[in-house]
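Residues 43 to 733 in the numbering used here are what the sequence shown lists, from first letter to last. We put the CB at the ideal spot given by N, CA and C, even for glycine. From a predicted model like this one, the values you see are computed outputs, not experimental measurements. Written out below as structure tokens is the structure these notes cover.
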Amino acid sequence: MKIGVDYYPEQWDERLWEEDADKMKEAGVKVVRMAEFAWSRLEPKEHEYCFEWLDKAVEIFAKRRIQVFLCTPTCTPPLWLFEKYPETIQVGKDGRRISIGIRGHRCMNSPVYRQKCKEIITQMVSRYRDNEWVIGYQIDNELEANHCCCPVCEEKFRDFVRQKYGTIEEVNRAYGNQVWSGEYSSFSQIRPPFGEHQTWLNPSYMLDFNRYASQSTVDYVTFQRELIHSLDEKALITTNNWFCENMPDFYDLFENLDFVSYDNYPTTVIPEDEEELYSHAFHLDFMRGIKQKNFWIMEQLSGSLGSWTPMSPALQSGMLKGYAMQAIAHGADTVLHFRWRTAVAGAEMFWHGILDHNNVPGRRYQEFCDLCETVNQLDMLDGSVIKNDVAILYSSEQEYAFKIQPQVEGMHYFTQLKAYHDAFTCLGAGVDIVNWMSDLSQYRVVVAPTLFVTNDEIAEKLEQFVRKGGHLVLTNRSGVKNADNRCIMAPLPTVFAEMAGISVTEYDPIGSKKQLLQPEGRFAEVVCRRMGEQAADRFAEKIGQSLGEKNENSINSIAGTLWCDIIESEGAEVLARYNENFYKGSAAITRNLYEKGNVYYVGTVLTRKGMIALAEMIAQESGMEYVVNLPVGVERTVREKGTDKWTFLFNNTDKEVSFSAQVINGEMAGKEYQQKLAPFEMCMLPSVIGG
Ligand code: GAL
């Protein structure tokens, strides 16, 4: 386990460097990341390199036995480069070169830009490859899918389409271009999506453009990775990522990189409404799932956030340490805090670091020292991994297709992924978020939300999973489209209908409205139990009532929101029915026994209470490990190595909590946790299986 900081020596007077390094050493820092945006200082004029200052900074840290992670500075090409080679500047959807002076505004495909990258990276890697303190490289910074529309990119996109379809007739067929006379008569008509009317463009074509844009970024990463490795084959290589507007496909992006790294800025605002989804754990589990192995935090929250937005509230006591420990509990092996000191110049001077502008070590520095002390005693966790019973499937195909055609106000692709993640997290069950094409054999439960765009491979894979005894959760908006992003002409959920044992006869996109539901059978029992004994009696009475009776205010009502699939069972057991509207009495949630497994179909988006009850019912039926009586906001994760397990209990709230919770199922079944945790406190409990 390593702890560290992001440091920008070029932004500070050289006289501060030794003092900073001493303070870091004193705190317990083991790694610093440097040179991320330093191109203009490393090559002030074309081919005039100036690395002496970086040599000195590396040396200062090496002397203190602090490792250095360097960055290729390619996110911020110097202004001389844009002046001399204007073709390296990105072109926007309006067909014009975008304005420069910020960062990331270069075209990743520009041959001149690539040549310039090659020159500066070659200088950097050749210089430090024999330095044992320089352990690896971050490629660029927070790469988005490449939406540049310059002539070079236009040709690249055309090539992508040509290679995929071969003939123009095939392109027309796949896109359904007979609609609105959109038929191409030549490849020259295939161009990036220019103009302000993006939502009116053909969705099949738009999905292909998004696929191409992702691949284009992956190609750029491959170019840098191969170059670095050709100069230093042992170098560790990653790129730092986040959840941005134009997300590349994370699985492709990291496929050939050594590990995933993530920029982790959990909110400092604690939501008042418990129903609001605020699980930062979702992002961390997502990152671990990309390569299904542990990851790094390349930038970690250190202070109030602001600059281009008004500032967020200050970090409450315990947050700086707690959120870093939360990342470790979810599989981070290294956490670097962004940044050592708050910038005094430039666009980000109110995105706070560990030290404030005054450079006087304060409250956050003390908490950081405490964090370092804790992390530096966690060597026993080296090599430990996280294994979970539940997986949630993610696919960039859905992400793109949903953004191209939002289905209802308020429903984003992440809505359901987060809601299911939140529900299982509330039960103290660890969750993996993995590529929809991953091997699923290690999981008991697979949640596959919103498989809007499908293909034969996924349908087959899920069916196999269920056949062998797996518990699969499918949701509304599944099986809607084929891989060309065209609607499938069959009853929903089309390719999944048989295993789900249902047919969706109609749907109602209800948006922010709520639709009351009447649970039945096993689901009703769990809902009752979760509501407590007294409520359960009243509920039991209510279940006896006919569906015709209105019961908006009754305790038994759980609700669906955003979307309602009106379901007709074709053999599936009904777990809940709608209790309102013209489809009152129709099935909303079903469960179908299919071969050795179960397929749950959830036609609506349950609000939190219902979602947790559903997760609990699935947990009981699948025999997966979970916990009862964990208070809201307390997360449990387990890292393991051989027979050793370490359970982390994290209080992700600003209130002290005391609880007594018990593990159900799994190797730790019967284990009791009696805990009191201060706000944002993490406790780590070791145990030996069989010991
Ligand atoms: C990250 C970025 C950093 C810095 C930080 C604070 O997204 O990688 O360079 O900008 O946000 O805004």
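What does DSSP give as the partner residues of residue i in its beta bridges?
{"i": "Ser653", "result": "Here residue 653 turns out to be Met, not Ser, going by the sequence shown. Looking at the DSSP assignment, Met653 forms no beta bridge with any residue, so it has no partner."}
{"i": "Pro561", "result": "Ala618"}
{"i": "Val488", "result": "Ala433 and Leu514"}
{"i": "Ala601", "result": "Leu558"}
{"i": "Phe692", "result": "Glu677 and Met724"}
{"i": "Lys523", "result": "Val495 and Cys529"}
{"i": "Asn707", "result": "Answer is none; Asn707 lacks a bridge partner."}
{"i": "Glu610", "result": "Ser545"}
{"i": "Glu682", "result": "Val427 and Lys687"}
{"i": "Ala374", "result": "Phe337"}
{"i": "Val670", "result": "Gln704"}
{"i": "His379", "result": "Val47 and Gln342"}
{"i": "Gly639", "result": "Tyr636"}
{"i": "Cys414", "result": "DSSP, once it has assigned bridges, lists no residue as partnering Cys414."}
{"i": "Asn477", "result": "Tyr436"}
{"i": "Ser729", "result": "Lys687"}
{"i": "Val647", "result": "Thr603"}
{"i": "Ile131", "result": "Arg148"}
{"i": "Cys113", "result": "Gln180"}
{"i": "Leu459", "result": "Paired residue(s): none; Leu459 is not in a bridge."}
Report the three-state DSSP secondary structure of residue i (helix, strand or coil).
{"i": "Gln240", "result": "helix"}
{"i": "Gln449", "result": "coil"}
{"i": "Asn252", "result": "helix"}
{"i": "Tyr307", "result": "coil"}
{"i": "Glu714", "result": "strand"}
{"i": "Met367", "result": "helix"}
{"i": "Phe624", "result": "coil"}
{"i": "Ser228", "result": "coil"}
{"i": "Thr632", "result": "strand"}
{"i": "Lys736", "result": "Only positions 43 to 733 of the chain appear in this structure, which leaves residue 736 out of reach."}
{"i": "Trp338", "result": "strand"}
{"i": "Val742", "result": "Residue coverage of the chain in this structure runs from 43 to 733, which leaves residue 742 outside it and unanswerable."}
{"i": "Arg57", "result": "helix"}
{"i": "Gly360", "result": "coil"}
{"i": "Ile500", "result": "helix"}
{"i": "Gly331", "result": "helix"}
{"i": "Tyr50", "result": "coil"}
{"i": "Pro551", "result": "strand"}
{"i": "Val386", "result": "coil"}
{"i": "Leu121", "result": "helix"}
{"i": "Leu326", "result": "helix"}
{"i": "Val402", "result": "coil"}
What residues in its chain sit with their C-beta under 7 Å from that of residue i, if we drop five residues either side in the sequence?
{"i": "His147", "result": "Ile131, Gln132 and Ile140"}
{"i": "Ala501", "result": "Val537 and Phe538"}
{"i": "Val670", "result": "Ala703, Gln704 and Ile706"}
{"i": "Gly452", "result": "Gly553, Ser554 and Leu604"}
{"i": "Val154", "result": "Tyr127, Glu129 and Thr130"}
{"i": "Leu273", "result": "Thr164, Val167, Ser168 and Arg171"}
Within a Cβ cutoff of 8 Å, which residues of the same chain sit near residue i, ignoring the five residues on either side of it in sequence?
{"i": "Ala389", "result": "Ile144, Ser349 and Trp350"}
{"i": "Val432", "result": "Phe466, Ala471, Gly472, Val473, Asp474, Tyr485, Arg486, Val487, Val488, Val489 and Met666"}
{"i": "Ala720", "result": "Gly360, Asn693 and Glu698"}
{"i": "Asp421", "result": "Met43"}
{"i": "Gly563", "result": "Glu615, Val616 and Leu617"}
{"i": "Glu287", "result": "Glu186"}
{"i": "Glu60", "result": "Ile102"}
Residues in its own chain within less than 6 Å of residue i by CB, not counting five upstream and five downstream?
{"i": "Glu439", "result": "Val495"}
{"i": "Tyr50", "result": "none"}
{"i": "Tyr247", "result": "Tyr217"}
{"i": "Ile312", "result": "Asp696"}
{"i": "Cys725", "result": "Leu691"}
{"i": "Met367", "result": "Met724"}
{"i": "Cys195", "result": "Asn151"}
{"i": "Val221", "result": "none"}
Consider the Cβ of residue i: report whether some Cβ of chain B lies at a distance smaller than 8 Å.
{"i": "Cys117", "result": "Looking for chain B here will not work: only one protein chain is present."}
* To do: Enumerate, from N- to C-terminal direction, the unbroken beta strand (DSSP E) stretches of 3 or more residues contained entirely within the segment 137–218.
  => 176–180
* Asked: In chain order, which continuous runs of the alpha helix (DSSP H) of length 4 or greater are located wholly inside the segment 64–110?
  -> 81–84 and 94–105
* **Completely contained alpha helix (DSSP H) runs for the segment 270–303, where each covers 4 or more residues** => 292–296
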